[in-house]
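Residue numbers (this note's numbering), protein chains in the order written: chain F, 1 to 350; chain R, 1001 to 1179.
Here's the structure, in structure tokens; my notes come after.
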Amino acid sequence: MEKNTYQSMMSHVRMSESCEEEILRKAEEASVRPEITMKTKKHRSPVMIAAAACLCVAVAGTVTVSAVQDNEWAKGFFGVPEWVDESEERKEQREQAAAYAEKYISPINNFAASGWNAEKFEPVGAVCDGEHLYVAVRYTTPLEDGVATEYMWDIPGTFKVTCDGQSVSTVSGSSGSWRQDDGSAIIYMKHRLSEFIKGDSIDVSMDIVDSYNLGDYDNINDISEEKICSLSFSVDILQKSKVITYYTDEILKKEIQPLGVNACAWVDKVEVSTFNTVFSGESTTANRYDIGIDPVYIVMEDGTKIECIGNYSGSYGLKGEYRIIIEHPQPVDPEAVTAVIVGEHTIELD
Amino acid sequence: MNHEEFREKLSRHKDMVYRIAYTYLKNRTDAEDISQETFLKLYLREEPFRDAESEKAWLIRVTLNSCCNLKKSFWQSRRDEMPERLTSAENFTVEESRLYHAVFSLPEKYRVVIHLYYYEEYSVKEISEITGQNPSTIQTQLDRGRKRLKKILEKQGGFYYGEKHISEHDVSCQNVRIL
């Protein structure tokens, strides 16, 4: 064969610049990112990914800078108590969540509030592992004639995060408040960042909007005007956290009625971290595939099943690739997770 | 290794790794994934290489193993790949275009050996050391690959086989000219 022709033909096959940049980015990420433990399904060949040693759990800083002396407030990140009596199981889960969260809680630094009732806000605690940002601030309800006035809080999409001067967008988020016995409210905000943050700390700014006064809502003339209060603070980023990645050849199947279409999605990868489980893969259907993952359970090594209800978000690519993020109702030790149950399918992780 | 060192190695070997992965897998996306995987392994490798040739051989081995594992996955085994049209194909000469389609219609084991032999210019012995296969197996794959290529190109017509250095294992490769 004419070698020159073969060589000149193959010289057209070259790595793209974007691929090269991606490699450099991943290498840089690997140098600062937590080491990842890879495991595969049993009876399969080891998957070809760079292996790394076991992970270290991050050591938390001081718990809070507020008047709250213990970690009771941390339970609020993982579900506030129901208005009716909670089940013992749920109470125990939240106790475990608070105890586990203690390992990760960091102080809120450089806290500043401006605007209406700014002096009523104080920082409580936060945790940021580079991908997730959980923040709690306390609002001391103002009193009117000695009576605490309840307010509804809206935290709209003006939650801004920057790291080293660069803004970072959030993929998803939720917020809620938990009324305390003293009438104050702890406001919880949970956000997933759109990219992994590698710095030492992140700066956060947000606006809080007061919707209306519940004290006398029958009187429409008594609805308070919207007030704006701005908060800003910084949070240290945990330098090491756990992510365990599993590579599988699982397939999730579903019948779509009444068309009688068989839809299936390959689960190529499952990533388990403290706060969520992510699985990703491909769908063989032409359109976006609703995997219908309810219910989802995280199965722990002691047999406990933790139900994840509705706390998931997903992204889907044009070629059928998908990525679904399932938020845990409480933080878990990723190494203690043995399986994920998705609908009728059990994905063993070992 | 430090980042600067890695960047230099990436620059030096990126096209080689990519070409091998592309030759094996026949599509850009998979080839990029495998390339990323291979270089990440290189970055995280702690043991230094004996010399540049060892490093290159290691990269080829890792790339081939990764491609092989990817192909073994259930999803991959069900896919029927057509060779992807290169975006740079508009720069192909007529001969290059014919050769591209001919080579990429061969089974992967022949494609890979042909690539290592004709592009990377490894001998049969060197290819057998890199891939861990018997030299006679490599020779057989090379012979069969060339024969199939010859048939395909004959059907297409107008391709020219040139002269090549003949090693002690390469006795079947003579001056063959096809018009």
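Quick reminder that beta carbons are idealized off the backbone N, C-alpha and C, glycines included.
Please read all numbers here as calculations on a predicted model, not as lab measurements.
Item                                                                                                                                                                      : Value
V1124(R) and R1111(R) - do their beta-carbons sit closer together than 8 Å?                                                                                               : no
What residues in the region 1009-1029 of chain R bring their beta carbon closer than 7 Å to a beta carbon of chain F?                                                     : L1010, K1014, D1015, Y1018, R1019 and Y1022
Using only CA atoms, which one of E1055(R), E1108(R) and R1007(R) lies nearest to A27(F)?                                                                                 : R1007(R)
Exposed or buried, which one is S1066(R) when buried takes at least 16 other CB atoms within 10 Å?                                                                        : buried
Who are the Cβ neighbours of A112(F) in its own chain at under 8 Å, not counting the five residues just before and after it?                                              : L231, S232 and F233
Identify the residues that DSSP records as bridge partners of E282(F): which are they?                                                                                    : W266(F) and E321(F)
Within its chain, find whatever has a CB closer than 8 Å to the CB of D164(F); leave out the 5 residues flanking it on each side and keep chain order.                    : G199
Exposed or buried, what is D302(F) when buried is set at 16 or more other beta-carbons lying within 10 Å of its beta-carbon?                                              : exposed
Rounded to whole angstroms, what is the Cα-Cα separation between N117(F) and V135(F)?                                                                                     : 19 Å
Listed in chain order, which residues of the region 1118-1150 of chain R have Cβ atoms closer than 9 Å to some Cβ of chain F?                                             : Y1118, Y1119, E1121, R1146, L1149 and K1150
Answer with buried or exposed for D268(F), where buried requires no fewer than 16 other C-beta atoms within 10 angstroms of its C-beta.                                   : buried
Return the first residue and the last residue of the alpha helix (DSSP H) that L1099(R) is part of.                                                                       : V1094 to V1103
Closest to R1012(R) by CA distance: which of H12(F), I237(F), V296(F) and E20(F) is it?                                                                                   : E20(F)
Could you list the residues in the region 1090-1102 of chain R with a C-beta less than 7 Å from some C-beta on chain F, going in chain order?                             : N1091, F1092, E1095, E1096, L1099 and Y1100
Are the C-beta of V13(F) and some C-beta of chain R separated by less than 8 Å?                                                                                           : yes
For a contact defined as C-beta to C-beta under 7 Å, what are the partners of L1059(R) on chain F?                                                                        : Chain F residues near L1059(R): none, gap ~13 Å exceeds 7 Å.
Taking the CB atoms as reference points, tell me whether L238(F) and C308(F) lie closer together than 8 Å.                                                                : no
Going straight from the alpha carbon of E22(F) to that of M15(F), what length do you get?                                                                                 : 11 Å
Whole angstroms is fine: what's the gap from T1023(R)'s alpha carbon to Y247(F)'s?                                                                                        : 25 Å
For N276(F), count neighbouring C-beta atoms within 10 Å of its own C-beta (all shown protein chains included) and say buried if the count is 16 or more, exposed if not. : buried
Could you have a look at V235(F) and say whether DSSP puts it in helix, strand or coil?                                                                                   : strand
Since V337(F) contacts V272(F) with CB under 8 Å, what's their CB separation in whole angstroms?                                                                          : 5 Å
Among residues of its own chain, excluding the 5 on either side of N109(F), which ones have a beta-carbon nearer than 6 Å to its beta-carbon?                             : S234
Taking just the CA atoms, how far does A339(F) sit from H132(F)?                                                                                                          : 23 Å
Where do the N-terminal and C-terminal ends of the alpha helix (DSSP H) with S114(F) fall, by residue?                                                                    : Premise fails: S114(F) lies in the beta strand (DSSP E), I108 to G115, not in any alpha helix (DSSP H).
Give me the chain F residues within the contact set of R1007(R), using Cβ-Cβ distance strictly less than 8 Å, ordered along the chain.                                    : L24
Go to N185(F), then tell me how far its alpha helix (DSSP H) extends in each direction, as first and last residue.                                                        : The amino acid occupying residue 185(F) in the given sequence is Ala; Asn does not appear at that position. That residue, A185(F), is in no alpha helix (DSSP H); its beta strand (DSSP E) goes A185 to L193.
Run through chain R and tell me which residues come within less than 7 Å of E20(F), C-beta to C-beta.                                                                     : L1010 and K1014
Using three-state DSSP, classify D200(F) as helix, strand or coil.                                                                                                        : coil
Is T248(F) helix, strand or coil when you go by DSSP?                                                                                                                     : strand
Is R1019(R) closer than 8 Å to Y1119(R) when the C-beta atoms are compared?                                                                                               : yes
Go through its chain and collect everything with a Cβ distance to N219(F)'s Cβ below 7 Å, but skip five positions before and after it.                                    : In this prediction, N219(F) has a pLDDT of 45, which is less than 50 and means its spatial position is unreliable; nothing more can be read from the coordinates.
Mark V1094(R) as exposed unless 16 or more other C-beta atoms lie within 10 angstroms of its C-beta, in which case mark it buried.                                        : exposed
Return the CA-CA distance between A1057(R) and I1130(R), expressed in angstroms with no decimal places.                                                                   : 6 Å
Helix, strand or coil: how does DSSP classify F1006(R) here?                                                                                                              : helix
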